[in-house]
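Q:
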Amino acid sequence: MSEQKNIGNIKVIICKDKQEAAQEGAKIFAKEIKTKPGVVLGLATGGTPVDMYKELIRMHKEGGLDFSHALSFNLDEYVGLLGSHPQSYRYFMDDNLFNHINIDKTKTHVPKGISQDIPASCQEYEKSIKEKGGVDLQLLGIGSNGHIAFNEPGSPSDSRTREIDLTEKTIKDNARFFENEAEVPRKAVTMGIATILEAKKIVLLATGNNKAEVVAKAIKSPATIDIPASFLQNHPDCVFVVDEEAANGL
Ligand code: PGA
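Residues 1014 to 1263 (the numbering used here) make up the sequence shown, in order.
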């Protein structure tokens, strides 16, 4: 059974383990998908959301959860990887979610990692989110250095979709998905903090001991540029769904 509490502005749902956290996250997404025709979902990649996506796929296959009207915008993409590259975030989304549900893939958006003019394609991405009415429900993970999307420490609260240099910490953390560390791209395109904070509702999912310290800092330290996730304290409707291990410092 999960436990709920409010810490400052942030609602925290503490689940027994990562499986329960995935189910809790999926429940919040399913409710939004069912109640809002044309829902605009903000989606995330990484190790953490995989189980939640599996649960959404199960809800689609067994319970008829209908994605046919939904749109999506992903948070980020590596610079230099084509969507056909197995470590690109476009590939991740197709493989872990879109290929298994009835979403119209032409309505799924991932920032372009390859473009002749990256600043222009970033502006285009911002414009496209606005034209669709903004993100209704945004999923986030959290980096062990406090990043949300690829907004690394030092990312200001008014930042927008842009190209960013990945930190050594992030490169090391993400090396597990590649053959070796040298293969991890050094740059990414990411939605900004301001872009993320404009979502109407935000769910941050975090599991495991290695996230306990940063989750506590994000929720309890004053909002600071050094821990970009702490800017979520300024959002009116943000929930952290965590397992007991990640809740250890709360
Ligand atoms: P993870 O990444 O889910 O692979 O831990 C989270 C993040 O970097 O946002």
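Note that CB positions come from ideal geometry on N, CA and C, so glycine has one too.
Note that the structure is a prediction, hence the values are computed from the model and not measured.
#1: I need the straight-line Cα distance from Ile1070 to Asp1108, nearest angstrom please.
#2: Can you tell me which residues form a DSSP beta bridge with Val1216?
#3: Taking just the CA atoms, how far does Asp1256 sit from Glu1033?
#4: Determine the burial state of Leu1084: buried for a count of at least 16 other Cβ atoms within 10 Å of its Cβ, exposed for fewer.
#5: CB of Ile1142 to nearest heavy atom of the ligand PGA: below 7 angstroms?
#6: Per DSSP, Gly1126 forms a beta bridge with which residues?
#7: Mind checking whether the beta-carbon of Ile1155 lies closer than 7 angstroms to any heavy atom of the ligand PGA?
#8: If you measure between the beta carbons of Thr1180 and Asn1158, is that distance less than 8 angstroms?
#9: Whole angstroms is fine: what's the gap from His1248's alpha carbon to Asp1149's?
#10: Three-state secondary structure (DSSP) at Thr1061?
#11: Can the beta-carbon of Pro1241 be found less than 8 angstroms from the beta-carbon of Ile1161?
#12: Just verifying my parser: in three-state terms, what is the DSSP assignment at Lys1230?
#13: Do you know offhand how far Gly1067's Cα is from His1073's?
#14: So, is Gln1129 buried or exposed, given that buried needs 16 or more other C-beta atoms within 10 angstroms?
#15: Given a threshold of 16 other Cβ atoms within 10 Å of its Cβ, counted over all protein chains shown, does Lys1125 qualify as buried or as exposed?
#16: Thr1183 lies in the alpha helix (DSSP H); which residues open and close that run?
#17: Since Leu1088 and Met1204 are thought to touch, with beta carbons under 8 angstroms apart, how far apart are those beta carbons, to the nearest angstrom?
#18: Return the CA-CA distance between Pro1166 and Ile1232, expressed in angstroms with no decimal places.
#19: If we ignore side chains and look at the alpha-carbon of each, how far apart do Asn1261 and Ala1133 end up?
#20: May I have the straight-line CA-CA distance separating Lys1277 from Ile1184, to the nearest angstrom?
#21: From the DSSP output, which residues share a beta bridge with Cys1028?
#22: Mapping DSSP to helix, strand and coil, what is Ser1085?
#23: Of all the options Ser1172, Pro1198 and Ile1020, which has the alpha carbon lying nearest to the alpha carbon of Glu1211?
#24: Could you check what DSSP says for Glu1137 in three-state terms: helix, strand or coil?
#25: Could you check what DSSP says for Asn1193 in three-state terms: helix, strand or coil?
#26: Please state if the CB of Leu1263 and the CB of Ile1046 are separated by a distance shorter than 8 angstroms.
A: Inspection of the coordinates gives the following:
#1: 12 angstroms
#2: Leu1152 and Val1252
#3: 8 angstroms
#4: buried
#5: no
#6: In the DSSP output, where bridge partners are listed per residue, Gly1126 has none listed.
#7: yes
#8: yes
#9: 13 angstroms
#10: coil
#11: yes
#12: helix
#13: Looking at the sequence shown, residue 1067 is not Gly but Lys. Approximately 10 angstroms between the Cα atoms of the pair.
#14: exposed
#15: buried
#16: Glu1181 to Asn1187
#17: 5 angstroms
#18: 16 angstroms
#19: 42 angstroms
#20: Missing from the structure shown is residue 1277; the chain here goes from 1014 to 1263 and no further.
#21: Asp1256
#22: strand
#23: Ser1172
#24: helix
#25: coil
#26: no
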